[in-house]
Amino acid sequence: MPTLGRDVAKVLCDVIRLEGGLNLLLNLLYTAELETKCQAGKLLEQILVAENRDRIARIGLGVILNLAKERDVPQLAQSVSGILEHMFKHTEETCSQLISDGGLDAVLYWCRWTDPIVLRHCAMALANCAMYGGQANQRLMIEKRTAEWLFPLVFSRDDELIRLHACLAITVLATNKEIEKEVERSGTLALVEPFIASLDPEQFACEMLGSSDTSQGRTADDLQRLVPLLDSSRLEAQCIAAFYLCTEAAIKTRQKKTKIFSEIGATQSLKRVVCYSTSSTTSSLAKKVLRMIGEEVPRRILPTVPNWKPCEVQTWLQQIGFNKYCQSFLDHQVDGDILLRLTEEELQEDLGMDSSITRKRFFRELTELKTFANYSTCDRSNLADWLGSIDPKFRQYTYNLLTCGINRNFLHRVTEQQLQEDCHINTGFHRVRILTAAREMLHSPITLQTASDGTDVFISYRRSTGSQLASLLKVHLQLHGFSVFIDVEKLKAGNFEVKLIQSIMSARNFVLVLSPNALDRCMGDPECKDWVHKVGDASRWGLGGCWRRKGLVRDQHGPQSEHWYVPAGDCDSPELWKERCACYRPF
1 MPTLGRDVAK VLCDVIRLEG GLNLLLNLLY TAELETKCQA GKLLEQILVA ENRDRIARIG
61 LGVILNLAKE RDVPQLAQSV SGILEHMFKH TEETCSQLIS DGGLDAVLYW CRWTDPIVLR
121 HCAMALANCA MYGGQANQRL MIEKRTAEWL FPLVFSRDDE LIRLHACLAI TVLATNKEIE
181 KEVERSGTLA LVEPFIASLD PEQFACEMLG SSDTSQGRTA DDLQRLVPLL DSSRLEAQCI
241 AAFYLCTEAA IKTRQKKTKI FSEIGATQSL KRVVCYSTSS TTSSLAKKVL RMIGEEVPRR
301 ILPTVPNWKP CEVQTWLQQI GFNKYCQSFL DHQVDGDILL RLTEEELQED LGMDSSITRK
361 RFFRELTELK TFANYSTCDR SNLADWLGSI DPKFRQYTYN LLTCGINRNF LHRVTEQQLQ
421 EDCHINTGFH RVRILTAARE MLHSPITLQT ASDGTDVFIS YRRSTGSQLA SLLKVHLQLH
481 GFSVFIDVEK LKAGNFEVKL IQSIMSARNF VLVLSPNALD RCMGDPECKD WVHKVGDASR
541 WGLGGCWRRK GLVRDQHGPQ SEHWYVPAGD CDSPELWKER CACYRPF
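Following my numbering, the numbering of the sequence shown begins with 1 at its first residue and continues without gaps.
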């Protein structure tokens, strides 16, 4: 029932609550034997609509948290992780209680498992906690190393839905400026855009329609929370929000509910992404959404605004809805340079924009254009990106500073009065922040890279069988304070020797994950064409021809695999290498 299924399900869930079913389930979860607990948990997981979540938060959260402490029981983990997934959507206060009383710890513990049902619930739970928990709870998530534990979920090769929800979680965390640096250091964020680019949103929507959990799509409240990601300055946030909305557009089109996108304010944000996004993946996804919901798709704005001719200014005016003033701008030959330096007085007296409200609307659009513009043709010191690192909206001041002859090297000598009068930065607090950052940059120590400033550990693995163990090993090492480089994707053939040798030589230790049959392709490969063989050979010479400092992880029993030394000596023969890898004692 594509159009009525959600409404019917909600009525059934309400009946269960009103007839005392929720209380009965909670009692069973508290007192019954394991099998009954598991069945009660499965049912509770399926009926947690908003009103039922309210009820559980008031009278049953303690029961759920007690169950979460039994985290080594596989049968129970499936339902409890699903219940936690839903409860993290409740309120910021509920999220805080779940985090402080062990709910988040249980979810992070399960992230190392291999059960796809549990991992899917974990990914969704972390995404919900990030989206619904607020900034204070996002900080707590980072303190519990959530960004690192999301890595194996995003890195998974088995379930794209797990990866997608984990990508959403890490991206939402990255939009919080207070924790952005910690999120970036985890290495998880770098996996988001390549993964989204590899997906087909329409095929993904078909898979969701075939699943009982996702066939109805997301609610308006859920979709509303994606809109700020579209408006974010982070490309990863725009990319994943556009993908989610693209899959939802396919579902809502089938349900004939496409008006929901206008109601939540997503339409204008999608058009803005099409106009200004520098990511072809994100722009393409946004275009697909607009076409599916029957909206006009705007043309992409050329980012090199300072070089615009008057005709390109005309195109921009038409796209932002100021057709009425096109002739006036054309008569005055307003090009990109003049557009970026327009004042309110010129707009009113010379271009005939009399209404103050209309001028405010115009400057709102112009500010956005200045923020997304590419100034590389006139910005040799990369002032725009430096301003954006203080605050993304500060990029709007780039051209004002450049036309006054100010670059990054001179900015610390500028006074606040000059910023106001010459550069027309009218907001006092913005002036203070820019000058403070400029002076901090002047006095910050310059860190010189030395040969010893390398990664602690370089991890390589066989992609077909070793990705999960490799990702868990990365997290384990990071949690113990080591810096880790994991071999995420194959390097391009032309850059292999240089980039690989540089990465390995800068690493203090090399780890090769020996998952089942990982060395089979090395047999009969004297030219080292196989990826693992090539990496192993390069690492041997990169670390001085001695393998005593190299560890190999043999995947025998899942996460509790043994670690093996490889001996020093002559291992040019793949057969001898494989023989010696298998016979040395664990350390």
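Glycine residues also receive a C-beta, built at the ideal position from the N, C-alpha and C atoms.
Is residue i helix, strand or coil when you go by DSSP?
i: Tyr276; result: helix
i: Ser460; result: strand
i: Val297; result: coil
i: Ile504; result: helix
i: Asn176; result: coil
i: Ile260; result: helix
i: Cys423; result: coil
i: Cys571; result: Only weak support exists for where Cys571 lies, its pLDDT of 41 falling under 50; the value from the coordinates is given anyway. The answer is coil: DSSP assigns Cys571 none of H, G, I, E or B.
i: Arg549; result: Confidence is the limiting factor: at Arg549 the pLDDT is only 41, short of 50, which leaves the residue's position unreliable, though a coordinate-based value still follows. Coil at Arg549, not helix or strand.
i: Thr281; result: helix
i: Ser100; result: helix
i: Tyr375; result: coil
i: Asp520; result: helix
i: Gln327; result: helix
i: Ala361; result: Note that residue 361 corresponds to Arg in the displayed sequence, not to Ala. In this structure, Arg361 counts as helix in the three-state DSSP scheme.
i: Met441; result: helix
i: Ile406; result: coil
i: Ile47; result: coil
i: Pro228; result: helix
i: Arg433; result: helix
i: Cys167; result: helix
i: Ser467; result: helix
i: Leu411; result: helix
i: Trp577; result: At Trp577 the pLDDT is 44, less than 50, meaning the model places this residue with poor confidence; the figure from the coordinates comes in the next sentence. Helix at Trp577.
i: Ser381; result: coil
i: Cys129; result: helix
Apart from the five residues on each side of it in sequence, which residues of its chain come closer than 6 Å, Cβ to Cβ, to residue i?
i: Val274; result: Ser283, Ala286, Lys287 and Pro298
i: Lys370; result: Gln396
i: Ala241; result: Leu226, Leu229 and Leu230
i: Arg408; result: Ser381, Leu383 and Trp386
i: Asp159; result: Pro116
i: Glu45; result: Ser79, Gly82 and Ile83
i: Val172; result: Ala130 and Met131
Can you give me the start and stop residues for the beta strand (DSSP E) that residue i sits inside?
i: Leu514; result: Asn509 to Leu514
Can you tell which of the options has the C-alpha that lies nearest to the C-alpha of residue i?
i: Ser503; options: Asn382, Phe485 and Asn517; result: Phe485
i: Val118; options: Leu153, Ala130, Arg139 and Gly133; result: Leu153
i: Gly321; options: Trp308, Pro310 and Phe362; result: Phe362
i: Asp111; options: Asp487, Asn137, Ala136 and Asp72; result: Position check: residue 111 holds Cys in this sequence, whereas Asp was assumed. Of Asp487, Asn137, Ala136 and Asp72, the residue nearest in Cα terms is Asp72.
i: Ser186; options: Gly388, Glu51, Leu24 and Ser483; result: Ser483
i: Met441; options: Asp456, Glu416, Phe410 and Lys529; result: Phe410
i: Cys311; options: Phe329, His165 and Phe243; result: Phe329
i: Val457; options: Ile264, Ser464, Asn374 and Gly481; result: Gly481
i: Phe243; options: Leu168, His86 and Leu472; result: Leu168
i: Asn517; options: Arg463, His476, Lys271 and Gln216; result: Arg463
i: Asp222; options: Thr281, Val414, Ile264 and Leu402; result: Ile264
i: Ala250; options: Ser280, Cys206 and Ala220; result: Cys206
i: Thr343; options: Lys309, Asp422 and Thr281; result: Asp422
i: Ile260; options: Cys528, Gly217 and Tyr276; result: Gly217
i: Lys266; options: Glu178, Leu290 and Gln255; result: Going by the sequence as given, residue 266 is Ala instead of Lys. The residue with the shortest Cα to Cα distance from Ala266 is Leu290.
i: Asn374; options: Ile301, Thr415, Lys42 and Val107; result: Ile301
Considering just the uninterrupted stretch of the alpha helix (DSSP H) at residue i, what are its terminal residues?
i: Val484; result: From DSSP, Val484 is part of no alpha helix (DSSP H) but of the beta strand (DSSP E) over Val484 to Ile486.
i: Arg395; result: It is not in any alpha helix (DSSP H) - Arg395 carries neither H nor E in the DSSP assignment.
i: Phe322; result: Segment: none, Phe322 is in no alpha helix (DSSP H) and carries neither H nor E.
i: Leu189; result: Element bounds for Leu189: n/a, residue is neither H nor E.
i: Pro22; result: As written in the sequence, residue 22 is Leu, which differs from the Pro given in the question. Per DSSP, Leu22 belongs to the alpha helix (DSSP H) from Gly21 to Thr31.
i: Cys239; result: Leu235 to Gln255
i: Met141; result: Gly134 to Glu143
i: Glu148; result: Thr146 to Phe155
i: Leu342; result: Careful: Leu342 lies outside any alpha helix (DSSP H) and carries neither H nor E.
i: Glu527; result: From DSSP, Glu527 is part of no alpha helix (DSSP H); its letter is neither H nor E.
If I measure Cβ to Cβ from residue i and keep anything under 8 Å in the same chain, skipping five residues before and after, which residues do I get?
i: Ile425; result: Tyr397, Asn400, Leu419, Arg431 and Ile434
i: Asp115; result: Pro74, Ala77 and Gln78
i: Tyr132; result: Phe88, Lys89, His90, Thr91, Glu92, Cys95 and Arg225
i: Ile16; result: Leu22, Ile47 and Asn52
Cutting at 7 Å between CB atoms, please list the residues of its own chain near residue i, excluding the five before and the five after it.
i: Lys393; result: Thr371
i: Ser232; result: Thr175 and Gln238
i: Pro574; result: In this prediction, Pro574 scores a pLDDT of 45, lower than 50, which makes its location untrustworthy; no coordinate-derived value is stated.
i: Gln348; result: Asp354 and Arg359
i: Cys378; result: Pro306 and Leu402
i: Asp337; result: Pro306
Please confirm if the stretch 78-86 is in contact with the stretch 123-139, defined as three or more CB-CB distances below 8 Å between the two stretches. yes
Do the stretch 50-57 and the stretch 15-29 touch if we need at least three Cβ pairs shorter than 8 Å? yes
Are there three or more Cβ pairs, one per stretch, closer than 8 Å when the stretch 138-155 is compared with the stretch 502-521? no
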